[in-house]
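Residue numbers (my numbering): 224 to 548.
The C-beta atom is built at its ideal place from N, Cα and C for all residues, glycine as well.
The structure displayed is predicted, hence computed values, not measured ones.
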């Protein structure tokens, strides 16, 4: 059956402001078609096989009276409270155990029938027997109050839950802040430790450099002292050896002068007119005796001269070696 045929069929079911869909063997409510007829404020869906109402049913806010008796309803949509104009609701002989909390928002509801439903104890007590018009009106009033109480409880539970969630969120934020503060403090401490480590390394390097510089200065001072000591020792040796060399030279010079003087005197006494003088006589005699003795002792003299030369040479070499040291 097409949508148009449904609309036409639904038009056939409309009489004034009422739509009679009872005994049509329906398994679902034709919500889209009912939405097209906003003037049809009374809908009879009784004696069908409807097991549930679609969420879109709650958008039919123009409905004033709805009869859903003798169906197979096990639950009603959560937003049933949106039917703000609903005054009359018949749910007789279904399989309902509870009603949605939003029923408390049906402030226009004046009549309600919940007989022959397996209602939970609290709801059944509020609904009563619904045996006549008066009891069904009382049922509407009491059920609305009961649902408001449930709504209040739900709101309290929701508020507690929200408060608990807010508290948990606050605690999480506090823990997060504490964690961030600890992390920040840890990073700050790590930076401080790293800086202290670098400072110690720098101080150690500077101390090592200073120690090397100090050792270098000590080595230079030691070297300088050793050089000064060697210079002082050399100067002392030179100072000690110089008088020795000066004394030997002086004696040698004196001996040479003496020999030259004697040779001069001898030459003067033998080669000049002074040889006849009394003072030259013993000189000439001594020279003659010396020459005679020298001729006799030529070999001895030669050996003596050779020995004296060797001794003098050795003495000079030892003196030079001592001056070098």
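- In terms of Cβ geometry, residue 335 and residue 319 do not form a close pair [threshold 8 Å].
- Following the DSSP letters along the chain, one finds residue 254 in no beta strand (DSSP E) but inside the alpha helix (DSSP H) bounded by residues 254-258.
- The beta carbon of residue 307 is closer than 8 Å to those of 284, 328, 329, 330 and 331 in its chain, skipping five residues each way along the sequence.
- Under a 10 Å Cβ-count criterion, residue 475 is classified as exposed, with fewer than 16 other Cβ atoms of the shown protein chains found around its own Cβ.
- DSSP, read as helix, strand or coil, puts residue 285 in coil.
- With a 10 Å radius around the Cβ and a threshold of 16 neighbouring Cβ atoms, residue 263 comes out buried.
- For residue 293 against residue 315, the beta-carbon gap comes to about 7 Å, under 8 Å, which counts as contact.
- Contact check for residue 369 against residue 346 passes: the beta carbons are separated by less than 8 Å.
- Going by C-alpha positions, residue 455 is about 27 Å away from residue 473.
- Considered as a whole, the region 283-332 harbours 288-290 and 311-313 as its complete beta strand (DSSP E) runs of no fewer than 3 residues, in chain order.
- At a Cβ-Cβ threshold of 8 Å, residue 299 and residue 323 count as neighbours.
- In this structure residue 366 is not in contact with residue 344, their Cβ atoms being roughly 14 Å apart against a cut-off of 8 Å.
- Here DSSP, grouped into helix, strand and coil, assigns residue 343 to coil.
- With a 10 Å radius around the Cβ and a threshold of 16 neighbouring Cβ atoms, residue 363 comes out buried.
- Residue 242 counts as buried, since no fewer than 16 other beta carbons sit within 10 angstroms of its beta carbon.
- Under DSSP, residue 335 forms a beta bridge with 312.
- In the DSSP assignment, residue 237 is bridged to 242.
- Each residue's CA atom was taken as its position, placing residue 423 and residue 447 some 35 Å apart.
- According to the DSSP assignment, residue 267 belongs to the beta strand (DSSP E) that extends over 265-267.
- Per DSSP, reduced to three states, the secondary structure at residue 359 is helical.
- Taking C-beta separations shorter than 6 Å and ignoring five residues to either side along the sequence, residue 429 has no partners in its chain.
- By the CB criterion at 8 Å, residue 266 and residue 289 fall inside the cutoff.
- Between the beta-carbon of residue 282 and that of residue 258 there is about 7 Å, and that keeps the pair under the 8 Å contact cut.
- Note on residue 380: under 16 other CB atoms within 10 angstroms of its CB, so exposed under the neighbour-count rule.
- One thing to note: residue 353 has its Cβ no nearer than 8 Å to the Cβ of residue 373.
- Take the alpha-carbon of residue 394 and the one of residue 377: they are about 25 Å apart.
- Residue 262 carries a coil assignment under DSSP once its states are collapsed to helix, strand and coil.
- A distance below 8 Å between beta-carbons, with the five flanking residues on each side excluded, links residue 333 to the following residues of its chain, in chain order: 310, 311, 360 and 363.
- Spanning the alpha carbons of residue 392 and residue 301 requires a straight line of approximately 29 Å.
- The C-beta of residue 304 has 16 or more other C-beta atoms within 10 Å across all chains shown, which makes the residue buried.
- Here the alpha carbons of residue 339 and residue 256 stand approximately 30 Å from one another.
- In the same chain as residue 252, and ignoring 5 residues on each side of it, the C-beta atoms closer than 7 Å to its own belong to 268, 273, 276, 277 and 280, in chain order.
- Between the alpha carbons of residue 247 and residue 271 lies a distance of about 6 Å.
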